[in-house]
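For what it's worth, full-length UniProt numbering labels the leading residue of the sequence shown as 1, then goes sequentially.
Every residue gets a Cβ at the ideal spot worked out from N, C-alpha and C, and that includes glycine.
Just so it is clear, the structure is predicted and the values come from calculations on it, not from any experiment.
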Amino acid sequence: MLETHCRTLALEAGIKRLPDEVLSMIFELGHLGATPCAFALRVSHVCRRFRGIALSTPCLWTKVSPGYSLDQTHSFLSRSGQVGLDICIPWRASLGGEDKYDDILRILGSESHRWTCLRIASNDAEPRLRKLGITNFPCLLNLQCDSDAGTPSFNTPSLQRINGTLCDPDVKFAYQSQLSILDVIFYERRNIEVVEFSRAVHEMRNLREFSLTMEACDCVEMPPNTAKPEFERHSVLIDKISFSIKNGCDYKIVGPVYSAVSFLFATTFTLSLEHLEGGDTIDFLYDCEQNMVPYGSSVIINITNLSDPNLEWSWFYLLDTLTQTCRIAHTIHFNAPSARFVSPSEPFDSESGYHTLRNLRFECCDRLSPHDIMKLVNQFMLNEDLDDHESIQSLGIFSCRGIREQFLINLGERLSGKLEWTI
1 MLETHCRTLA
11 LEAGIKRLPD
21 EVLSMIFELG
31 HLGATPCAFA
41 LRVSHVCRRF
51 RGIALSTPCL
61 WTKVSPGYSL
71 DQTHSFLSRS
81 GQVGLDICIP
91 WRASLGGEDK
101 YDDILRILGS
111 ESHRWTCLRI
121 ASNDAEPRLR
131 KLGITNFPCL
141 LNLQCDSDAG
151 TPSFNTPSLQ
161 RINGTLCDPD
171 VKFAYQSQLS
181 ILDVIFYERR
191 NIEVVEFSRA
201 VHEMRNLREF
211 SLTMEACDCV
221 EMPPNTAKPE
231 FERHSVLIDK
241 ISFSIKNGCD
251 YKIVGPVYSA
261 VSFLFATTFT
271 LSLEHLEGGD
281 TIDFLYDCEQ
291 NMVPYGSSVI
301 INITNLSDPN
311 LEWSWFYLLD
321 TLTQTCRIAH
331 TIHFNAPSAR
341 FVSPSEPFDS
351 ESGYHTLRNL
361 RFECCDRLSP
371 HDIMKLVNQF
381 MLNEDLDDHE
391 SIQSLGIFSC
401 RGIREQFLIN
411 LGERLSGKLE
421 WTI
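Right, here's the structure in full:
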């Protein structure tokens, strides 16, 4: 008890010594991940000093919803100054009364020139906003839609990002030509119109970041259209691609989606597979044309929570295969406890992408063996016949159960600072 009391006093003393400017920055960081209004109200009720700092930090008061009271809405708008507003329209926002709901929307609509983010979870949000004449959002940058109504069509000349959950099989996006970031979630989908999806994404001429999450898409009513993709594979370069496939997705619906966007490739590519069924995990590394999906200058692969990993990974070597199919990767990161990486008997392919690989990281790769590591190190790090531009310059091994501490200590002495590790 005394230790706890002393720790609290030490924390309080440290906070008292912090300048107001530093506390304000801490409050701003806390505000970013908070639900509407929660953080601002809580921090402003701690003490007089915190309240003064909170009231003089406009961005803390920018998350507003028609679910607020009239007084609270006016207070937040006043305290936010002229900072951009983050508006959230929840799906149950009108339960407090239709008239009150519309009154607050009108108040928020009078500041629509300040809206920079709009989050919609209500199916009737678009018709209600149109009825009130709130359709012009000149500064809106981010539109998040988690309703069944799809993406609304407003006047949003500055819009750059759309993210949200798509539940309807008809894939429709507004604003294709101006989007730079697309973050889509397919949740419990039984059918996906992959041709329309492919065309919609291809129309996004300014797209720089693409993120797709598929979750619980396991009951396929009818096989998706698996026709050959319309657009040339890897013909459009963007900055980032991220695929997250999880919680019981069936490959019959995932594979065609991969193929639908196979015209994209990225500087940084991330693939995460978790809790899968309806096919071996290895299937989820490939599209319908049996092309391996990860492709980029930097590739990150996370494969976790497999049902029966030993059988399917007994013959498949992930790093060997990836370097054969992705010969532009200079950085590869793995977090794959059940995967095997390097064939114990086959020699390295002289035409593979190993010679472009500069940075290699294994994290929680429990089946990684000392033999795998030494085969890589001897060929691509200690080989005097290779120049620096042909060899691995950085090797990371973190929390891999098959690797012992003494082995890493000895290896570190040989690699002269090129090895990072933890047990």
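List the DSSP bridge partners of residue i.
i      : result
Tyr295 : According to DSSP, Tyr295 bridges with nothing at all.
Val236 : Leu264
Gln82  : DSSP, once it has assigned bridges, lists no residue as partnering Gln82.
Lys63  : Asp86
Ile241 : Phe210, Phe269
Asn302 : Ser272, Asn335
Gly164 : Cys145, Val184
Ser394 : Asn359
Arg340 : Tyr317
By alpha-carbon positions, which one of the options ends up nearest to residue i?
i      : options                        : result
Leu415 : Cys400, Arg404, Gly396, Ile423 : Gly396
Gln144 : Ile238, Lys375, Leu182         : Leu182
Pro256 : Pro229, Thr281, Asp388, Ala329 : Pro229
His330 : Glu351, Ile392, Pro337, Phe380 : Ile392
Glu363 : Glu289, Phe50, Ala339          : Ala339
Val194 : Leu60, Ala260, Thr165          : Ala260
Ile200 : Arg189, Leu179, Cys217         : The question names Ile, yet the displayed sequence has Ala at residue 200. Nearest option by C-alpha distance: Leu179.
Pro294 : Arg367, Thr156, Thr270         : Thr270
Trp315 : Arg367, Ile162, Leu382, His202 : Arg367
Leu276 : Ile245, Ser343, Asn410         : Ile245
Gly164 : Gly133, Asn136, Val184         : Val184
Pro47  : Gln72, Ser65, Ile15, Gln176    : The question names Pro, but residue 47 in the sequence shown is Cys. Nearest C-alpha to Cys47: Ile15.
His202 : Phe348, Val236, Asn302         : Val236
Thr151 : Lys131, Gly133, Pro127, Leu132 : Pro127
Arg358 : Ser343, Cys365, Leu376         : Leu376
Tyr258 : Asn291, Asn247, Arg401         : Asn291
Asp280 : Arg114, Cys249, Glu289, Arg361 : Cys249
Cys365 : His333, Pro344, Ser345, Ser394 : His333
Gly417 : Gln406, Ser394, Phe398, Leu382 : Ser394
Ser147 : Leu118, Leu141, Thr156         : Leu118
Ser122 : Ile107, Ile87, Arg106, Gly109  : Ile87
Glu346 : Glu28, Thr321, Ile107, Phe186  : Thr321
Glu188 : Asp20, His234, Tyr175, Asp218  : Asp218
Would you kindly report the start and end of the unbroken alpha helix (DSSP H) that includes residue i?
i      : result
Ser399 : Taken as a continuous stretch (DSSP letters only), Ser399 belongs to no alpha helix (DSSP H), as it is neither H nor E.
His74  : 70 to 79
Tyr101 : 98 to 109
Met374 : 370 to 380
Leu319 : 318 to 325
From residue i to residue j, what does the alpha carbon distance come to, in whole angstroms?
i      : j      : result
Ser158 : Glu209 : 17 Å
Met214 : Gly296 : 21 Å
Asn191 : Ile253 : 7 Å
Asp99  : Cys139 : 27 Å
Val299 : Tyr251 : 21 Å
Leu85  : Gln160 : 16 Å
His371 : Ala216 : 38 Å
Ile423 : Ile409 : 11 Å
Arg404 : Leu318 : 22 Å
Asp387 : Leu273 : 36 Å
Thr323 : Leu264 : 19 Å
Ser94  : Ile120 : For Ser94, the pLDDT reaches just 48, beneath the cut-off of 50, and the residue's location in the model is therefore unreliable, leaving the point undetermined.
Leu41  : Tyr68  : 12 Å
Can you tell me where the beta strand (DSSP E) with residue i in it begins and where it stops?
i      : result
Gln406 : No beta strand (DSSP E) contains Gln406, which is instead part of the alpha helix (DSSP H) from 405 to 415.
Val46  : Counting along the chain, Val46 falls outside any beta strand (DSSP E), and DSSP gives it neither H nor E.
Glu126 : That residue, Glu126, is in no beta strand (DSSP E); its alpha helix (DSSP H) goes 125 to 131.
Phe334 : 331 to 335
Ser24  : Segment 20 to 32 is the alpha helix (DSSP H) holding Ser24; no beta strand (DSSP E) there.
Glu203 : It is not in any beta strand (DSSP E) - Glu203 carries neither H nor E in the DSSP assignment.
Glu420 : 419 to 422
Glu209 : 209 to 215
Cys117 : 115 to 120
Gln290 : Looking at the DSSP string, Gln290 is not in any beta strand (DSSP E), and its letter there is neither H nor E.
Ile181 : 181 to 187
Cys145 : 142 to 145
Arg358 : Taken as a continuous stretch (DSSP letters only), Arg358 belongs to no beta strand (DSSP E), as it is neither H nor E.
For a quick check, are the C-beta atoms of residue i and residue j less than 8 Å apart?
i      : j      : result
Ile89  : Ala125 : yes
Leu60  : His31  : yes
Leu70  : Asp103 : yes
Pro58  : Val83  : yes
Asn136 : Ser112 : yes
Ala266 : Ile303 : no
Ser242 : Asn206 : no
Gly402 : Ser369 : yes
Ala336 : Ile301 : yes
Phe50  : Ser56  : no
Thr116 : Leu141 : yes
Ser343 : Arg327 : no
Lys348 : Gln379 : Just to set this straight, residue 348 is Phe in the shown sequence, not Lys. For Phe348 and Gln379, yes; Cβs fall inside 8 Å.
Is the shortest distance between the beta-carbon of residue i and the beta-carbons of chain B less than 8 Å?
i      : result
Arg340 : Annotation note: the requested chain B is absent from the structure, which comprises a single protein chain.
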